[in-house]
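In my numbering, the protein residues as written are -2 to 418. C-beta atoms are modelled at their ideal positions from N, C-alpha and C, and glycine is treated no differently. A quick note: this is a predicted structure, and the numbers were derived from the prediction, not measured. Below: one structure, written as structure tokens.
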Ligand code: HEM
């Protein structure tokens, strides 16, 4: 795919959800190429979102070096004022959505220290078998049909099962969890929250319901600890620290949201990418284990499932010549940084052996760098190992139905044919 610069600089409006974010991908990429070259730190008025009041606007950081600079300096570009989404979160949202991704030190460091217990190498090692078994079961479930919806039947199943399993949520609740995470991340898309439905209410209800599910679990594990993550978070008084039930609830919501929607979209876009680049599919299939580490990084760069995160400027400063004032919002456009031609050679090429792939798909190497990056890499590797083994000819049979969002680079549906070995 090559970018098409069909919009002039002044026609580009990153806040136009119905216009800009529904453009064909070539045109969207083209607009970001124009911004990087001609106005790398551009100011936009905020979109009207319906569930929170709009602020005065934001600066869009579209070059790699500015995205990384802002990520690495949380003392100047913070996460805890308002939120990391474009609108400030209304206070009543903070109970469910005020997790560590929206916090700064010392609160962020404390939360991250505690929840990192869920992601120790030992726990991830223990999950290996679970991930492989889940991938096998998912492929078992569809292989006989010969066709399926790759998003709903395959890609969204894996991360959900793993996170729920990790947290000790029973399989009977998986559907319940998935529905609520879809609402939380897709409020701009009428397929997920009906147009006239109250987005504000839908978000609060989804948060409250997920929160209650895990609070109940926390109470049960406090009385009867097992070896699952929830038990470790509410009981183990390592360094005298543990999560309160409210913190447990917002951590769980962050995990299911951050872990599901992102990995599922990386997986879905990877099928599209391999279809569009049959020579890359051959390279990977010919030597799966050897190519997998670079292929997985390239998938995350290529897909960039999280389009952007916001930071808020804590003091007057200058970034690449642009004056910024305290209180200004900056949006870190990871998708654009990951196509920065000054950093990536041939950035529009999907190259499963891309060397030195320092993409920012998991964040710009600051303190909020994705906590689940290793897990996500495992999931992508394991699922493709299973697919290459069982249905190496798997391919999409229609164009991806894209999510309308300026936050998640999502695919809602992707019909595919499962061609066995
Ligand atoms: C391909 C899959 C994934 C992508 C592309 C992704 C991307 C991201 C990005 C861009 C951030 C923000 C980084 C920053 O602000 O510097 C983030 C943070 C986070 N991610 Fe992921 N993620 C993925 C998978 C996962 C998984 C599987 C989990 C957990 C099960 C997870 C949990 C988190 C958490 C907890 C944070 C917040 C970390 C903090 O604030 O300290 N992510 N992720």
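Extract the residue ranges of the beta strand (DSSP E) inside the region 61 to 147, only unbroken runs of 3 or more that lie entirely within it. As far as the region 61 to 147 is concerned, its whole beta strand (DSSP E) runs of at least 3 residues are 144 to 146.
Please confirm whether any heavy atom of the ligand HEM lies closer than 6 Å to the CB of residue 164. Taking 6 Å as the cut-off, one finds no heavy atom of the ligand HEM near enough to the beta carbon of residue 164.
Any heavy atom of the ligand HEM closer than 6 Å to the Cβ of residue 117? Not under cutoff, so the answer is no.
Under 7 Å between C-beta atoms of residue 374 and residue 293: It is a contact, given that the beta carbons lie within the stated cut-off.
Is residue 366 near the ligand HEM - that is, is its Cβ less than 6 Å away from at least one heavy atom of it? Distance from the C-beta of residue 366 to the nearest heavy atom of the ligand HEM is below 6 Å.
Cutoff 8 Å; reference residue 108; Cβ partners in own chain excluding five residues on either side: So the qualifying residues of the chain are 96, 97, 100, 240, 244, 248.
Rounded to the nearest angstrom, what separates residue 29 and residue 256 at their Cα positions? One C-alpha to the other measures close to 26 Å.
If you run the structure through DSSP and keep just helix, strand and coil, what is residue 359? Taken through DSSP and simplified to helix, strand or coil, residue 359 comes out as coil.
Residues near residue 325 by beta carbon distance below 7 Å, same chain, minus five either side: Result list for residue 325: 56, 310, in chain order.
Which residue spans inside the region 265 to 313 form an unbroken beta strand (DSSP E) run of at least 3? As far as the region 265 to 313 is concerned, its whole beta strand (DSSP E) runs of at least 3 residues are 305 to 310.
Nearest to residue 70 by CA position, among 369, 364, 405, 408, is which residue? Of all alpha-carbon atoms in 369, 364, 405, 408, the one lying nearest the alpha-carbon of residue 70 is that of 364.
Using the Cα positions of residue 168 and residue 353, report the straight-line distance between them to the nearest angstrom. One Cα belongs to residue 168, the other to residue 353, and the distance between them is close to 39 Å.
Beta strand (DSSP E) segment containing residue 41, residue limits: Here the beta strand (DSSP E) through residue 41 covers 38 to 41.
Evaluate residue 202 with the Cβ neighbour count: other Cβ atoms within 10 Å of its Cβ, from every protein chain shown; 16 or more gives buried, anything less gives exposed. Exposed, by the Cβ-count rule.
Pair within 7 Å by beta-carbon distance, residue 226 and residue 218: Remark: C-beta atoms of residue 226 and residue 218 do not approach each other more closely than 7 Å.
Counting C-beta neighbours from all protein chains within 10 Å, is the total for residue 416 16 or more, i.e. buried, or is it exposed? Looking at its Cβ environment, which holds fewer than 16 other Cβ atoms inside 10 Å, residue 416 is exposed.
At what residues does the alpha helix (DSSP H) containing residue 371 begin and finish? 370 to 387 is the extent of the alpha helix (DSSP H) around residue 371.
Local Cβ density within 10 Å of residue 40, reported as buried at 16 or more and exposed below that: With fewer than 16 neighbouring CB atoms inside 10 Å of its own CB, residue 40 falls in the exposed class.
My assumption, with CB atoms under 8 Å, is that residue 412 sits in contact with residue 146. Please give the rounded CB distance. A Cβ-Cβ separation of about 6 Å places residue 412 in contact with residue 146 under the 8 Å criterion.
Nearest by alpha-carbon distance to residue 306: which of 34, 84, 36, 276 is it? It is 84 whose Cα lies nearest to the Cα of residue 306.
Please confirm whether residue 60 and residue 25 have their CB atoms less than 7 Å apart. At a Cβ-Cβ threshold of 7 Å, residue 60 and residue 25 do not count as neighbours.
By Cβ distance, which residues of its chain are closer than 7 Å to residue 359, with the 5 residues on each side in sequence left out? For residue 359, same chain residues with a beta-carbon under 7 Å away, outside a window of 5 residues either side, are 297, 366, 367, 370 in chain order.
State buried or exposed for residue 397, treating a residue as buried only when at least 16 other CB atoms are found within 10 Å of its CB. Classification of residue 397: buried, given that the 10 Å Cβ count is 16 or more.
Simplified DSSP assignment, three categories, for residue 249: Helix, per DSSP.
Evaluate the contact criterion for the region 116 to 136 versus the region 148 to 159: three or more CB pairs, one atom per stretch, below 8 Å. Yes, the region 116 to 136 touches the region 148 to 159.
Simplified DSSP assignment, three categories, for residue 420: Any question about residue 420 goes unanswered here, given that the chain covers just -2 to 418.
Residue 351 classed as buried or exposed, judged by whether at least 16 other C-beta atoms fall within 10 angstroms: Counting every other CB atom within 10 Å of its CB across the protein chains shown gives residue 351 a total of 16 or more, marking it as buried.
Using only the alpha-carbon positions, how far apart do residue 271 and residue 392 sit? Taking the straight line from one Cα to the other gives about 8 Å.
Below 8 Å on the Cβ atoms is my guess for residue 148 versus residue 388; work out the distance and round it to an integer in Å. That pair is no contact at about 16 Å.
Cβ-based burial, residue 342 [other Cβ within 10 Å; buried from 16]: Exposed, since its Cβ has fewer than 16 Cβ neighbours within 10 Å.
What residue range is occupied by the uninterrupted beta strand (DSSP E) comprising residue 320? Per DSSP, the continuous beta strand (DSSP E) segment holding residue 320 begins and ends at 319 to 321.
For residue 82 and residue 308, the rounded distance between their alpha carbons: The straight-line gap from Cα to Cα measures roughly 8 Å.
Element boundaries [beta strand (DSSP E), containing residue 413]: For residue 413, the uninterrupted beta strand (DSSP E) run begins and ends at 412 to 414, by DSSP.
For the ligand HEM, is there a heavy atom less than 6 Å away from the beta-carbon of residue 71? No, the ligand HEM has no heavy atom inside 6 Å of this Cβ.
For residue 357, decide whether its Cβ has a neighbour in chain B, counting only Cβ atoms nearer than 7 Å. Protein chain content of the structure displayed is limited to a single chain, and chain B is not contained in it.
Where the beta strand (DSSP E) containing residue 58 begins and where it ends: 55 to 58 is the span of the beta strand (DSSP E), which, as asked, contains residue 58.
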